[in-house]
Amino acid sequence: MPERWSDYLTIFMSALAVGYMVYEIDRRQRKLREIFDVLDAEDAAVTARLEDMVASGELQPYTGATLA
Amino acid sequence: MLQEAVVTEPSGRPGTRARAETEASPSTPRFRIFIVDTGWDSPGHKVLQENFGLIRELQREDPIYVLGREKSIEYLRHHEERIGHDPIIAVHDLAAMDDTGTADFHGFRLRLGLLRTHQQALLALQNFARFLRLHRQSTDLEGEIRRGLRREGLAGAIEIVLGHEAREIGG
Chain A
-6 MPERWSDYLT
4 IFMSALAVGY
14 MVYEIDRRQR
24 KLREIFDVLD
34 AEDAAVTARL
44 EDMVASGELQ
54 PYTGATLA
Chain B
21 MLQEAVVTEP
31 SGRPGTRARA
41 ETEASPSTPR
51 FRIFIVDTGW
61 DSPGHKVLQE
71 NFGLIRELQR
81 EDPIYVLGRE
91 KSIEYLRHHE
101 ERIGHDPIIA
111 VHDLAAMDDT
121 GTADFHGFRL
131 RLGLLRTHQQ
141 ALLALQNFAR
151 FLRLHRQSTD
161 LEGEIRRGLR
171 REGLAGAIEI
181 VLGHEAREIG
191 G
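Protein sequence lines, in the order shown, are assigned to chains A and B.
Numbering-wise (our numbering), the first sequence opens with residue -6 and increments by one.
Numbering-wise (our numbering), the second sequence opens with residue 21 and increments by one.
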């Protein structure tokens, strides 16, 4: 057991630092996933709709050099 | 100024080749690329407009489907939670879809509309284009993306602790 108040303070500050790191990593991963992420089962309906549009010919490969 | 780091190169550093490669010819389409853009006056929209030709040339093996304004608006009317996230570039991985359809991993997407500055959007688009080129023959694309996302989250946090401000492209 720590004997001095300064030991308690050190332990407390260390715990805060670790907690902050964990929080920051999680926050950044979530932020990154908002911008870039995989398509999986959650996106299945959207993907299927886009693929249907391609299969039906509703969407054709874009051949223009620039976007209109 | 210490800024929030969000790096959209989820897997593979520049120059890192995918370890495992498929037997398919490099010129065989691996992806279908879809662009949803309603035309918000945003940095992401401008960057995409300005660099689309280059993206097309870099990805010439893979067909690009542009939904156009009307179809993009219709798309977002059905997915209202994504309004303001566009331009969205969705990439369907044909190899994954051959194996599992859309029930599991089947591609990835970039939401350019979430980036606040021209520089952030341009960097994200460049990283995205690099990622597509580097990994178009990968046999474990999902694993590479997920590992990359974990690594980038950790790297960003470490940079904050160390007081660095590099790698910033998100806000």
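Glycine included, every Cβ here is placed at the ideal spot set by N, Cα and C.
Quick one: using the 10 Å Cβ neighbour count with 16 as the cut-off for buried, is residue i buried or exposed?
{"i": "E41/B", "result": "Note that E41/B has pLDDT 45, beneath the 50 cutoff, so the model's placement of it is unreliable and the number below is only indicative. Per the 10 Å Cβ criterion, exposed."}
{"i": "P54/A", "result": "exposed"}
{"i": "R23/A", "result": "exposed"}
{"i": "E17/A", "result": "buried"}
{"i": "T122/B", "result": "buried"}
{"i": "H98/B", "result": "exposed"}
{"i": "I4/A", "result": "exposed"}
{"i": "A110/B", "result": "buried"}
{"i": "S49/A", "result": "exposed"}
{"i": "L43/A", "result": "buried"}
{"i": "Y13/A", "result": "exposed"}
{"i": "L87/B", "result": "buried"}
{"i": "G92/B", "result": "Looking at the sequence itself, residue 92/B is Ser, so the reference to Gly does not match. That one is buried."}
{"i": "E172/B", "result": "buried"}
{"i": "D119/B", "result": "exposed"}
{"i": "I103/B", "result": "exposed"}
{"i": "R80/B", "result": "exposed"}
{"i": "V36/A", "result": "Before going on, a small fix: residue 36/A reads as Asp here, not Val. With 16 or more Cβ atoms within 10 Å of its Cβ, D36/A is classed as buried."}
{"i": "R21/A", "result": "buried"}
Just to confirm before moving on: does the CB-CB distance between residue i and residue j stay below 8 Å?
{"i": "F72/B", "j": "L60/A", "result": "yes"}
{"i": "I84/B", "j": "I55/B", "result": "yes"}
{"i": "G59/B", "j": "R89/B", "result": "yes"}
{"i": "D82/B", "j": "L68/B", "result": "no"}
{"i": "D45/A", "j": "F125/B", "result": "no"}
{"i": "D112/B", "j": "T40/A", "result": "Checking the displayed sequence, the identity of residue 112/B turns out to be His instead of Asp. Yes, the Cβ-Cβ distance between H112/B and T40/A is below 8 Å."}
{"i": "A144/B", "j": "G127/B", "result": "no"}
{"i": "E164/B", "j": "H155/B", "result": "yes"}
Could you check where the beta strand (DSSP E) with residue i kicks off and where it finishes?
{"i": "A110/B", "result": "I108 to D113"}
{"i": "G127/B", "result": "G127 to R131"}
{"i": "Y85/B", "result": "I84 to V86"}
{"i": "D30/A", "result": "F29 to L32"}
{"i": "H103/B", "result": "For the sequence presented, residue 103/B should be read as Ile rather than His. Unbroken run through I103/B: none, as it is neither H nor E."}
Near residue i, what residues of its chain come up, given a Cβ to Cβ distance below 7 Å and the 5 sequence neighbours on each side ignored?
{"i": "L114/B", "result": "P49, R50, F51 and R52"}
{"i": "H105/B", "result": "R131, G133 and L134"}
{"i": "Y95/B", "result": "V56 and L87"}
{"i": "W(-2)/A", "result": "none"}
Can you tell me where the alpha helix (DSSP H) holding residue i begins and where it ends?
{"i": "R150/B", "result": "H138 to H155"}
{"i": "R68/A", "result": "Past the edges of chain A, shown from -6 to 61, lies residue 68/A, and the structure says nothing about it."}
{"i": "R52/B", "result": "First-last for R52/B: F51 to V56, but that is the beta strand (DSSP E), not the alpha helix (DSSP H)."}
{"i": "Q69/B", "result": "P63 to L78"}
Starting from the C-beta of residue i, find all residues in its chain whose C-beta is less than 6 Å away, skip the five residues before and the five after it, and write them out in chain order.
{"i": "A141/B", "result": "P63, G64, V67, L132 and L135"}
Apart from the five residues just before and just after residue i, which ones in its own chain have a Cβ nearer than 8 Å to its Cβ?
{"i": "E77/B", "result": "none"}
{"i": "A38/A", "result": "none"}
Counting pairs of Cβ atoms below 8 Å between the stretch 126 to 135 of chain B and the stretch 27 to 36 of chain A, do you hit three or more?
The stretch 126 to 135 of chain B vs the stretch 27 to 36 of chain A: in contact.
Taking 8 Å as the threshold, find out whether the stretch 147 to 155 of chain B comes into contact with the stretch 43 to 58 of chain A through three or more Cβ pairs.
no
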